[in-house]
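So the sequence lines, in the order shown, correspond to chains Z and G.
Everything in the first sequence is counted per full-length UniProt numbering, starting at 1 for the first residue and increasing by one.
Everything in the second sequence is counted per full-length UniProt numbering, starting at 1 for the first residue and increasing by one.
Positions of the beta carbon are idealized from the N, C-alpha and C atoms, including for glycine.
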Amino acid sequence: MLQFKLVLLGDSSVGKSSIVNRFVKDSFDEFRESTIGAAFLSQTVTINDNDSDVAQEITVKFEIWDTAGQERYKSLAPMYYRNANAALVVYDITQADSLEKARSWVQELKNKVDDDSLVIYLVGNKIDLVSNNNDDQDKRAVERSVAETYAEENNLLFSEVSAKTGEGIKQVFQSIAENLYQIRKKQDTTNINSTQRGNAPVDIHLQRPSTNDSTSCCS
Amino acid sequence: MNIKDQYLDTTSISSLRSGVRPTKSQTSFNIQSRAQPSLSINLDNTIVQTIIPPVNNSLSGDIEDNSLLHSHPRLRSMQSISSIASRRTTRPNTSSDQLSVNTSFNPIIEQSFTYCNNNNNNIDDPSTIRTQDAAFGEEIRKDLIDRLAQSIYSYPTSLAGNTNEFKPVVSNEIPDVFINDNQIGSTFQSHAKNFFILTSAGKPIFSMFGEDKEIIPYMGIINTVVSYFQINESTNIKTIKLNKTKQTFAFTSKAPIILMAYSRRGETTNELMTQLDLLYSYLISSINERQLKRLFHNRSNFDLRNFLEVTDFDNLRQICSLLSNKLYPDFGLNALQCFVMRKNERARIHDTIHNLLINENKNIPRGTLLYGLILSYKRKMFKLCAVIRPKGHSLHTIDLQLLFSLITHQFENRDGDQELWLPICFPKFNSNGFLYSYIKYLSRSNSNNLGSSSSDIEDTVLVLISAQKDAFYKLKTFGDKLWNKLQSDKLNEYFIKDRFKFRISDIQAPLVHHFMYKIKKYVQYVMPEIEIHNDDTNKLNRYENKLKKFYGHLYNSVVDDNGLPINKTILNYLHWEEEEEEEVEEAEGNEIENDFQREKINMMGLIWITPQFELYLICNNGVNNKEIVLRSAKRIISWCKKYESRLFIQEGATF
Numbered sequence: 001m002l003q004f005k006l007v008l009l010g011d012s013s014v015g016k017s018s019i020v021n022r023f024v025k026d027s028f029d030e031f032r033e034s035t036i037g038a039a040f041l042s043q044t045v046t047i048n049d050n051d052s053d054v055a056q057e058i059t060v061k062f063e064i065w066d067t068a069g070q071e072r073y074k075s076l077a078p079m080y081y082r083n084a085n086a087a088l089v090v091y092d093i094t095q096a097d098s099l100e101k102a103r104s105w106v107q108e109l110k111n112k113v114d115d116d117s118l119v120i121y122l123v124g125n126k127i128d129l130v131s132n133n134n135d136d137q138d139k140r141a142v143e144r145s146v147a148e149t150y151a152e153e154n155n156l157l158f159s160e161v162s163a164k165t166g167e168g169i170k171q172v173f174q175s176i177a178e179n180l181y182q183i184r185k186k187q188d189t190t191n192i193n194s195t196q197r198g199n200a201p202v203d204i205h206l207q208r209p210s211t212n213d214s215t216s217c218c219s
Numbered sequence: 001m002n003i004k005d006q007y008l009d010t011t012s013i014s015s016l017r018s019g020v021r022p023t024k025s026q027t028s029f030n031i032q033s034r035a036q037p038s039l040s041i042n043l044d045n046t047i048v049q050t051i052i053p054p055v056n057n058s059l060s061g062d063i064e065d066n067s068l069l070h071s072h073p074r075l076r077s078m079q080s081i082s083s084i085a086s087r088r089t090t091r092p093n094t095s096s097d098q099l100s101v102n103t104s105f106n107p108i109i110e111q112s113f114t115y116c117n118n119n120n121n122n123i124d125d126p127s128t129i130r131t132q133d134a135a136f137g138e139e140i141r142k143d144l145i146d147r148l149a150q151s152i153y154s155y156p157t158s159l160a161g162n163t164n165e166f167k168p169v170v171s172n173e174i175p176d177v178f179i180n181d182n183q184i185g186s187t188f189q190s191h192a193k194n195f196f197i198l199t200s201a202g203k204p205i206f207s208m209f210g211e212d213k214e215i216i217p218y219m220g221i222i223n224t225v226v227s228y229f230q231i232n233e234s235t236n237i238k239t240i241k242l243n244k245t246k247q248t249f250a251f252t253s254k255a256p257i258i259l260m261a262y263s264r265r266g267e268t269t270n271e272l273m274t275q276l277d278l279l280y281s282y283l284i285s286s287i288n289e290r291q292l293k294r295l296f297h298n299r300s301n302f303d304l305r306n307f308l309e310v311t312d313f314d315n316l317r318q319i320c321s322l323l324s325n326k327l328y329p330d331f332g333l334n335a336l337q338c339f340v341m342r343k344n345e346r347a348r349i350h351d352t353i354h355n356l357l358i359n360e361n362k363n364i365p366r367g368t369l370l371y372g373l374i375l376s377y378k379r380k381m382f383k384l385c386a387v388i389r390p391k392g393h394s395l396h397t398i399d400l401q402l403l404f405s406l407i408t409h410q411f412e413n414r415d416g417d418q419e420l421w422l423p424i425c426f427p428k429f430n431s432n433g434f435l436y437s438y439i440k441y442l443s444r445s446n447s448n449n450l451g452s453s454s455s456d457i458e459d460t461v462l463v464l465i466s467a468q469k470d471a472f473y474k475l476k477t478f479g480d481k482l483w484n485k486l487q488s489d490k491l492n493e494y495f496i497k498d499r500f501k502f503r504i505s506d507i508q509a510p511l512v513h514h515f516m517y518k519i520k521k522y523v524q525y526v527m528p529e530i531e532i533h534n535d536d537t538n539k540l541n542r543y544e545n546k547l548k549k550f551y552g553h554l555y556n557s558v559v560d561d562n563g564l565p566i567n568k569t570i571l572n573y574l575h576w577e578e579e580e581e582e583e584v585e586e587a588e589g590n591e592i593e594n595d596f597q598r599e600k601i602n603m604m605g606l607i608w609i610t611p612q613f614e615l616y617l618i619c620n621n622g623v624n625n626k627e628i629v630l631r632s633a634k635r636i637i638s639w640c641k642k643y644e645s646r647l648f649i650q651e652g653a654t655f
């Protein structure tokens, strides 16, 4: 079984917790408490490896950080995305500001996360509010094409979803799992090569003493 | 790290704020300040009118209120108890001077106590015990009383673990002697109680009731009143009392935040100030003082509402409702409830935690874990199952209560298998920094599935608190190991079901309806389970509200204006009776109702404060023999002492 860390980022009340809830429990609550700090949970998906000689099913376990969108918890964010394999950056298609916020998250991830293999998925939530009804089109504040172009330019995966109806949610996680699996396969091949050359990578954990932390009580 | 030692001081909050008892005068503002010992200003009418007119016109509703008071003749103020009692003639009372109690009583507690006759004449006059009405056959009466008493105090064994035996249903029927003041009418002004939080610039942050357009003018007035005293008297206004209409306004100014509580429930300034402190503490738990000061540093007109979350407002609302309408003694007593289990069971759990902490020394270095709790959570009440703490240190109960209110809301529609990592500021611990809490459900009953077999499973929550914001994985690993260990040793069974629920009927304390007993040393209290037939929420709310008011009166009868007990050791009885006029009004109801005579109100309560414990006790209606009540009180105390190690966490797992 493969294990990946995934973090959800985005402005407050764009529906991060609802997306997770739809993914994990396949349910939806109209009224949710806003998240404080972050919630940690896990869920597995299965993917098919069609490339191999023998088709096989692979179980992928996601360890998910559902973070608070509010600005005041921003200082905690690095802890959640530091070791992430994938990031789901969520915006609300009826709130133009939320896409701006999503852009800044993408930027922060690109600047702060060294790992080139980090999969970033841009997700526009709440399409149920504008679906198939011309009157409702007014509510849409972010055109699909705008976000799509931005995603392409920055090499992000992209789709529009609805946590309320469930539309597109499963596919998002499925495609993240597949992407990560492909990356892991590639890494494994190179790792094997490098191990054969005798340069196995060493894990070094560097951690600053947290007492210097201005937000901790020991300051 | 400096852990404050006001931990044991139960009534400290308001007492810290002002030192001296103010003089009471009906036509004046009572202004108390930190700087000046006692400042009572008689503002002449002109000044009062310039400051207050809008308040008089609408918020306070002078005129409406008077009429309200008249339309509720049942409101009995404590001040005139003795006078009413002497007027009464007709009633064949169930005074229990002749009640025989079979079991002989050993006075286990031999403390001297002061029978306190305080000047506020709210203490029961001994002359209220009246002679029996001879018209009743003595035999029949004795028999009835005997049977009643037996049904009330027959099953002492439930704490010993005998849960399956039949228990009599304990009645929730106690009369309401107080005005029904929850809500009269539906307008904003009609609320008998309200809380306002605003910035020092007058911008609204929160109010318990009222839409924005309704509250904004009041925010302005509050701001003006507070500023008036700050500028002209260079002091902070503490309270405005309108004695005629029993309205109290209490103010707290902690720049950049101003808080005001309004009540016409006869609550004391002290009670209101304590409540305001709790609301302020909540704000600080969410955004610490340093952040708050920074936000307002260059922008005094900053709108704090943009910075708070929906959850914050929900939590504030929840705290307000607990303060106003629910029997939630955690706040009033400033103590916590403990989950009952056997002494050796709790010791085994604590040993397990302790040993694991030592074994896991490498993975969870010293200093990572600051404090840990295993909590049982039911009906929005938290009880302590186990405590992990550094030797000699403890968290303040207010800090823990704030944590509880956060947990309640964060899990409202989350699944039990999620783990939370919450930054929280503990204002009584360090109001400028955040701590981080790892929170996980160990077991969760499925309350949505009615009738499921898991309904008697308690919700159990593990909380591990650290000062390091990246300690999540360390605490998670520790938490997982702890839970596995508890499960493999089958220790989780001790707190997964509440085996030792007890009711008042389990204690041989005749004629007692309900009590609360607090041991100051542990800052923990016990009270009998409150059960309502069919879990009827409305009934439960009404019942809790009644109890809350009785206890409130009891408490206020023995504290001075600063919220300190008037003596180190106090024993006080309180008596509530109804006025005669009541019957006339009731008789106007329809004829069927006339066939049933409503029980007369004749309630007695007892409050007993010593340096070691506090006992609050409410008797069944009709009980007015102080000797018997005192005997029952002593029995409750000795019962609590006997089971002290089960009812209270004494040490915890210290490291």
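### Message
Measuring only the C-alpha atoms, how far is G:Ile530 from G:Asp417?
### Response
Rounded to the nearest angstrom, the two C-alpha atoms are 30 Å apart.
### Message
Quick check: the Cα distance between G:Ile52 and G:Ile222, rounded to an integer number of angstroms?
### Response
Confidence at G:Ile52 is low in this model, with a pLDDT of 32, below 50, so its placement is unreliable and no value can be given for it.
### Task
Look up Z:Gly124 in the DSSP assignment and say whether it is helix, strand or coil.
Of the three classes helix, strand and coil, the one that applies to Z:Gly124 here is strand, per DSSP.
#### Entry: Neighbour list for Z:Gln70 in chain G, Cβ cutoff strictly below 7 Å
In chain order: Glu309.
### Query
Can you give the Cα-Cα distance for G:Ile439 and G:Ile237, rounded to whole angstroms?
When rounded, the distance between both Cα atoms is 41 Å.
### G:Gln189: contacting residues in chain Z (beta-carbon distance under 7 Å)
Simply none; closest approach about 29 Å.
### Query
Which chain Z residues are close to G:Trp639, counting only those with a beta carbon under 9 Å from its beta carbon?
G:Trp639 does not reach chain Z, its nearest Cβ partner there being about 41 Å away, counting only Cβ pairs nearer than 9 Å.
### Option nearest G:Thr224 by Cα separation, candidates G:Phe251, G:Met208, G:Phe209 and G:Gln247
Of the listed residues, the one whose Cα sits closest to G:Thr224 is G:Phe251.
### Message
With H, G and I counted as helix, E and B as strand and the rest as coil, what does DSSP make of G:Cys640?
### Response
Correct three-state label for G:Cys640: helix.
### Query
Using a Cβ-Cβ distance under 8 Å, would Z:Met79 count as near chain G?
Judged by the 8 Å Cβ criterion, Z:Met79 is in contact with chain G.
### Message
Can you tell me where the alpha helix (DSSP H) holding G:Thr569 begins and where it ends?
### Response
Counting along the chain, G:Thr569 falls outside any alpha helix (DSSP H), and DSSP gives it neither H nor E.
### Query
Is the beta carbon of G:Ile465 sitting closer than 8 Å to the one on G:Tyr371?
Cβ distance < 8 Å, so G:Ile465 and G:Tyr371 count as in contact.
#### Entry: Z:Leu41: contacting residues in chain G (beta-carbon distance under 9 Å)
Within chain G, the residues near Z:Leu41 are Arg414, Asp415, Asp417, Gln418 and Glu419.
### Message
Between which residues of its own chain and Z:Asn179 is the CB-CB distance below 6 Å, once the five residues before and five after are set aside?
### Response
Within the same chain, Z:Asn179 has close Cβ partners Val119.
### Query
Where does Z:Asn85 land, buried or exposed, given buried means 16+ other C-beta within 10 angstroms?
With 16 or more Cβ atoms within 10 Å of its Cβ, Z:Asn85 is classed as buried.
#### Entry: DSSP beta-bridge partners of G:Leu511
Residue pairing by DSSP places G:Leu511 opposite no residue, since no beta bridge is assigned to it.
### Query
In whole angstroms, what separates the C-alpha of G:Thr46 from that of G:Gly202?
Low confidence applies to G:Thr46: its pLDDT is 27, below 50, so where it sits in the model is not reliable, and the reading given next is rough at best. When rounded, the distance between both Cα atoms is 25 Å.
### Message
Tell me which residues of the stretch 302 to 327 of chain G have at least one Cβ-Cβ distance to chain Z shorter than 7 Å, keeping chain order.
### Response
From the stretch 302 to 327 of chain G, only Phe307, Glu309, Val310, Thr311 and Asp314 have a Cβ closer than 7 Å to chain Z.
### Message
On a Cα-Cα basis, can you pick out the residue from Z:Ser117, Z:Val24 and Z:Ser162 that is closest to Z:Gly15?
### Response
Each of Z:Ser117, Z:Val24 and Z:Ser162 was checked against the Cα of Z:Gly15, and the nearest Cα belongs to Z:Ser162.
### Message
Please identify, using Cβ separations under 7 Å, the residues of the stretch 93 to 117 of chain Z that lie next to chain G, in order along the chain.
### Response
Cβ proximity to chain G below 7 Å picks out nothing from the stretch 93 to 117 of chain Z.
### Query
If you compare alpha carbons, which of Z:Ala39, Z:Ser98, Z:Glu63 and Z:Glu30 is closest to Z:Ile176?
Considering only Z:Ala39, Z:Ser98, Z:Glu63 and Z:Glu30, the residue with the shortest C-alpha distance to Z:Ile176 is Z:Glu63.
### Task
Give a yes or no on whether the minimum CB-CB distance between G:His297 and chain Z is below 8 Å.
Not closer than 8 Å to any Cβ of chain Z, the Cβ of G:His297 fails to qualify, so no.
### Message
Would G:Leu420 and G:Gln410 qualify as a contact pair, given that the criterion is a beta-carbon distance under 8 Å?
### Response
G:Gln410 sits close to G:Leu420, with the two beta carbons spaced by under 8 Å.
### Query
Around the Cβ of G:Val623, are there at least 16 other Cβ atoms within 10 angstroms (buried) or fewer (exposed)?
Counting Cβ neighbours within 10 Å, G:Val623 comes out buried, since at least 16 surround it.
### Message
Quick check: the stretch 290 to 308 of chain G against the stretch 195 to 210 of chain G, are at least 3 beta-carbon pairs closer than 8 Å?
### Response
Contact between the stretch 195 to 210 of chain G and the stretch 290 to 308 of chain G is present, because at least three Cβ pairs lie under 8 Å.
### Query
Under a CB-based cut-off of 8 Å, is Z:Ala38 close to chain G?
By this cut-off, Z:Ala38 is an interface position.
### G:Met527 classed as buried or exposed, judged by whether at least 16 other C-beta atoms fall within 10 angstroms
Within 10 angstroms of the beta-carbon of G:Met527 lie 16 or more other beta-carbons, which makes it buried.
### Query
At a Cβ threshold of 8 Å, is Z:Lys5 touching chain G?
Taking 8 Å as the CB threshold, Z:Lys5 stays off the interface with chain G.
### Message
If you measure between the beta carbons of Z:Ala102 and Z:Val90, is that distance less than 8 Å?
### Response
Result yes, Cβ atoms of Z:Ala102 and Z:Val90 sit closer than 8 Å.
### Task
Return the chain-ordered ranges of every alpha helix (DSSP H) run that is complete within the UniProt domain "FUZ/MON1/HPS1 first Longin" (193 to 311) of chain G and spans a minimum of 4 residues.
Within the UniProt domain "FUZ/MON1/HPS1 first Longin" (193 to 311) of chain G, the complete alpha helix (DSSP H) runs of at least 4 residues fall at 212 to 232, 269 to 286 and 289 to 297.
### Message
Bridge partners for G:His553 per DSSP, in chain order?
### Response
G:His553 is not bridged to any residue.
### Message
In whole angstroms, give me the CA-to-CA distance for G:Arg635 and G:Asn556.
### Response
Computed Cα separation, rounded: 24 Å.
### Task
Kindly indicate if chain Z contains any beta-carbon less than 8 Å away from that of G:Leu464.
Not one chain Z Cβ lies under 8 Å of G:Leu464.
### Other residues of its chain near G:Gly652: CB distance less than 8 Å, five sequence neighbours each side excluded
Excluding residues within five positions, the ones whose Cβ falls inside 8 Å are His350, Ala386, Val387, Ile388 and Arg389.
### Query
Just reading off the alpha helix (DSSP H) that Z:Tyr73 is part of, what are its end residues?
Counting along the chain, Z:Tyr73 sits inside no alpha helix (DSSP H), nor does DSSP assign it H or E at all.
### Message
Just to make sure I have the definition right: I need the residues of chain G whose C-beta is within less than 8 Å of the C-beta of Z:Glu63. Which are they?
### Response
None at all; the shortest Cβ gap to chain G is about 10 Å.
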